[in-house]
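Per the numbering used here, residue 505 is the first one in the sequence shown, and the count goes up by one each step.
Cβ coordinates follow ideal geometry from the N, Cα and C atoms, glycine included.
Okay, so here's the structure we're looking at.
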Amino acid sequence: MFKKILIANWKEHPKSGREAVKIFGAAMRAKTPKNIKTVVCPPFVYLEKCASTAVRRPNAKGRAALGAQDVFWKDEGPYTGEVGPAMLRALGVAYVIIGHSERRRWLGETDAMVNKKIGAALGAGLRVVLCVGEPAGVRKKGIAAAQKFVKDQLAKDLRGISSDKKIARRVVVAYEPIWAIGTGDSADPADVRAMAVFIKKQLSFLFKSPAASRRSFVLYGGSVNGKNIADYLQYEAVDGALVGGASLKADEWKKMVEAIKTLR
Ligand code: PGA
505 MFKKILIANW
515 KEHPKSGREA
525 VKIFGAAMRA
535 KTPKNIKTVV
545 CPPFVYLEKC
555 ASTAVRRPNA
565 KGRAALGAQD
575 VFWKDEGPYT
585 GEVGPAMLRA
595 LGVAYVIIGH
605 SERRRWLGET
615 DAMVNKKIGA
625 ALGAGLRVVL
635 CVGEPAGVRK
645 KGIAAAQKFV
655 KDQLAKDLRG
665 ISSDKKIARR
675 VVVAYEPIWA
685 IGTGDSADPA
695 DVRAMAVFIK
705 KQLSFLFKSP
715 AASRRSFVLY
725 GGSVNGKNIA
735 DYLQYEAVDG
745 ALVGGASLKA
755 DEWKKMVEAI
765 KTLR
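As structure tokens, this is what we get:
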């Protein structure tokens with residue numbers, strides 16, 4: 505069993521496939537011990553290239569799993585521009601990020617859409633990285649307001665999702681306060697720990713299983729880098745990190761892996 509998960513969210517980067525293969529290759533070379541699971545989520549157009557790079561290096565030390573940054577809720581049909589869960593599976597994709605705040609903001613993604621995507625992705629056998637987190641205005645009102653916001657998101661996004669043990673285990677929640685994303689203003693580690701514990705409690709409730717709080721994975725995301733990652737992952741309740749900007753830099757990726765390695 506792995507202990508911590510490190511997920512790279514490349515967002516809309518880089519501009520060329522060549523560069524994508526380079527960055528992916530570097531992530532594959534970072535020696536990752538068994539207790540760290542790494543997942544790389546490139547834009548759709550680079551998934552195939554990255555998948556074949558992974559196939560060519562079957563014994564690479566840091567063999568990263570592939571993830572996508574989004575998915576549609578139908579496998580096939582008249583849905584211009586969309587990519588379905590079966591297509592991702594066929595490419596060897598294991599994880600999919602759903603409900604990232606940037607999609608909620610720029611693409612008008614609602615909790616109802618997020619909910620449908622989660623259902624479809626889990627149905628296809630993918631693991632889901634569900635992103636939740638409050639905006640600055642809510643956080644200013646205090647921790648209780650932030651918790652209420654996250655609780656509401658979780659309830660809406662996971663409504664009706666099977667509480668079957670095997671399915672629930674495939675849901676990873678990334679707590680990403682919006683004000684911390686890409687700003688350098690990373691959240692206070694102790695606050696993140698408290699939120700992770702809170703989220704696990706909600707998952708137990710939503711999945712109707714006290715054990716879900718032990719089994720589920722809750723990550724932190726928002727200006728994580730090689731310097732601060734250990735401040736978050738030192739806590740047992742924080743099972744990993746979802747990293748944007750720093751995940752595109754080979755040296756930062758290495759530093760993050762190294763920092764996790766030293767944790768006990
Ligand atoms: P960041 O992004 O690490 O660049 O803040 C995190 C994310 O949006 O997943």
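Tell me the rounded alpha-carbon separation between residue i and residue j.
i	j	result
GLU762	PRO582	46 angstroms
ALA590	PHE721	24 angstroms
PRO693	CYS545	25 angstroms
TYR739	ARG697	7 angstroms
MET505	ASN539	Low per-residue confidence applies at MET505: pLDDT is 45, beneath 50, and the placement is therefore not dependable enough to give any value.
ALA524	VAL575	20 angstroms
ALA530	LYS519	17 angstroms
ARG533	THR542	12 angstroms
ASP668	PHE709	13 angstroms
ASP735	GLU756	15 angstroms
ARG674	LEU626	7 angstroms
LYS526	ILE685	25 angstroms
ALA555	ASN732	30 angstroms
GLY664	GLU580	23 angstroms
ALA462	ALA558	Shown here, the chain extends from 505 to 768; a query on residue 462 therefore has no answer.
HIS517	ALA754	14 angstroms
ASN513	GLU606	12 angstroms
ALA594	GLY629	11 angstroms
LYS712	ILE671	13 angstroms
GLY688	GLU586	32 angstroms
VAL676	ILE622	11 angstroms
SER465	ARG609	Since the first residue of the chain shown is 505 and the last is 768, residue 465 is not available in this structure.
LEU499	LYS515	Because residue 499 is not part of the residues shown, which for the chain are 505 to 768, the question remains open.
If residue i and residue j are in contact, beta carbons under 8 angstroms, what's the gap, nearest whole angstrom?
i	j	result
ALA745	LEU510	6 angstroms
ILE764	LYS578	Not confirmed; about 37 angstroms, so no contact.
MET699	VAL654	7 angstroms
ASP656	ASN619	Rounded, the Cβ-Cβ distance is 13 angstroms, inconsistent with contact.
ILE703	LEU658	7 angstroms
MET760	VAL747	7 angstroms
LEU707	ALA716	5 angstroms
LYS553	GLY521	5 angstroms
What residue does the alpha helix (DSSP H) around residue i start on, and which one ends it?
i	result
LYS541	Counting along the chain, LYS541 falls outside any alpha helix (DSSP H), though it belongs to the beta strand (DSSP E) covering 540 to 545.
GLY744	Premise fails: GLY744 lies in the beta strand (DSSP E), 744 to 747, not in any alpha helix (DSSP H).
ILE703	693 to 710
LEU630	No alpha helix (DSSP H) holds LEU630; DSSP gives it neither H nor E.
VAL676	Careful: VAL676 lies outside any alpha helix (DSSP H), inside the beta strand (DSSP E) at 675 to 679.
GLY725	Not the alpha helix (DSSP H): GLY725 falls in the beta strand (DSSP E), residues 721 to 725.
ALA590	589 to 594
GLN738	Looking at the DSSP string, GLN738 is not in any alpha helix (DSSP H), and its letter there is neither H nor E.
LYS669	669 to 672
LEU767	No alpha helix (DSSP H) contains LEU767, which DSSP labels as neither H nor E.
SER605	605 to 610
LYS645	Neither: LYS645 is in no alpha helix (DSSP H) and is coded neither H nor E.
Over what stretch of residues does the beta strand (DSSP E) that includes residue i continue unbroken?
i	result
ASN513	508 to 513
TYR599	599 to 602
ALA569	569 to 572
Inspect the CB distances between the stretch 724 to 736 and the stretch 671 to 686 and report whether three or more fall short of 8 angstroms. Remark: three or more beta-carbon pairs, one from each stretch, lie closer than 8 angstroms, so the stretch 724 to 736 and the stretch 671 to 686 are flagged as touching.
Please confirm if the stretch 595 to 607 is in contact with the stretch 621 to 638, defined as three or more CB-CB distances below 8 angstroms between the two stretches. They touch, by the three-pair rule.
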